[in-house]
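Down below is the structure, laid out as structure tokens.
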Amino acid sequence: MRTSHASHWIGIHMDPQRPDAWRREPYYSKLKELARQSALTQLVVLVFIGVRAWAIYPDRDVDLGFAAPGDKAVAKLVMTPRGPQYEIVIGRAEAQNV
39 MRTSHASHWI
49 GIHMDPQRPD
59 AWRREPYYSK
69 LKELARQSAL
79 TQLVVLVFIG
89 VRAWAIYPDR
99 DVDLGFAAPG
109 DKAVAKLVMT
119 PRGPQYEIVI
129 GRAEAQNV
């Protein structure tokens with residue numbers, strides 16, 4: 039697990055040989071609890087398996103797709119039927135260097 043308080047994220051790196059391990063108990067419940075707690079402090083919980091990334095929210099998991107070295111997780115505030123909430127997208131490193 040890596041954390042970056044400056045970037046406001048917690049990253050859990052999984053073994054690519056066991057890509058579904060994070061969805062098994064007791065790990066999944068712990069990740070969801072971490073996501074609930076992190077939502078209050080605007081921290082993002084991310085799971086990395088090789089070059090793929092998932093954002094873990096209290097109510098859902100979102101496959102963010104490919105995340106290359108240097109890419110950044112970017113939180114965007116969006117309006118939903120349940121009110122404002124943060125959505126995480128991957129900011130590509132090559133786009134940041136243009």
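For what it's worth, the working numbering labels the leading residue of the sequence shown as 39, then goes sequentially.
Think of the CB as a built atom: it goes at the ideal place given N, C-alpha and C, for glycine as much as any other residue.
{"query": "Three-state class that DSSP yields for GLU125 in the structure shown", "result": "strand"}
{"query": "Own chain, CB closer than 8 Å to PRO122, minus 5 neighbours either side, in chain order", "result": "LEU115 and VAL116"}
{"query": "Alpha carbon of TRP47 to alpha carbon of ASP97, nearest angstrom", "result": "18 Å"}
{"query": "Straight-line gap, ASP58 to PRO119 (C-alpha atoms, nearest Å)", "result": "31 Å"}
{"query": "heavy atom of the ligand MG below 6 Å from ILE50 C-beta", "result": "By its list of ligands, the structure shown contains no ligand whatsoever, and the ligand MG lies outside what it can speak to."}
{"query": "Nearest-angstrom Cα separation, counted from GLU71 out to ARG56", "result": "22 Å"}
{"query": "Buried versus exposed, by CB contacts within 10 Å (16 or more), ALA106", "result": "exposed"}
{"query": "Rounded straight-line distance, which links the Cα of GLY108 to that of ARG130", "result": "8 Å"}
{"query": "Selection from VAL100, ARG74 and TYR124 that minimises the alpha carbon distance to VAL85", "result": "VAL100"}
{"query": "Which of helix, strand or coil DSSP assigns to VAL136", "result": "Because the pLDDT at VAL136 is just 46, under 50, the model does not fix this residue reliably, and the value given afterwards should be weighed accordingly. Coil at VAL136, not helix or strand."}
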